[in-house]
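Chemist: Structure provided below as structure tokens; questions to follow.
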């Protein structure tokens with residue numbers, strides 16, 4: 005077990021009170037961020053939420069059409085190669 009200075013514990017508890025997390029979680033999260041920053045730990049994979057997926061679809065739909073052919077014409081041309 006690590007022994008931490010009182011000031012470190014005080015800061016962890018202040019952040020914990022503000023965020024609603026435990027002091028232990030605050031310290032773990034801070035260490036994980038440092039570990040990711042310095043390449044000790046890989047950045048966790050982020051799974052998209054349903055809202056993020058829908059927003060992504062909206063952004064794609066808003067893009068201009070670059071090929072005026074129908075999807076079937078495009079597939080026919082690809083299959084002809």
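Residue numbers (my numbering): 5 to 85.
Virtual Cβ for every residue (Gly too), placed ideally from N, Cα, C.
Quantities reported herein were computed from a predicted structural model and do not represent experimental measurements.
For residue 19, which residues from the same chain have a beta carbon less than 6 Å from its beta carbon, with the 5 sequence-adjacent residues on both sides left out?
Modeler: Same-chain partners within the cutoff: 30.
Chemist: Closest Cβ-Cβ distance between residue 14 and chain C: below 8 Å?
Modeler: The structure shown contains no chain C; it holds only a single protein chain.
Chemist: Counting only the same chain and skipping the five closest in sequence on each side, list residues whose C-beta sits under 7 Å from that of residue 16.
Modeler: Here the set comprises 27, 30 and 31.
Chemist: Closest to residue 52 by C-alpha separation, out of 61, 24 and 12, would be which residue?
Modeler: Nearest option by C-alpha distance: 61.
Chemist: By the three-class DSSP mapping on this structure, what secondary structure does residue 60 have?
Modeler: Residue 60 falls in the helix class under three-state DSSP.
Chemist: Indicate the three-state DSSP secondary structure (helix, strand or coil) for residue 6 in the structure shown.
Modeler: Residue state, collapsed to three classes: coil.
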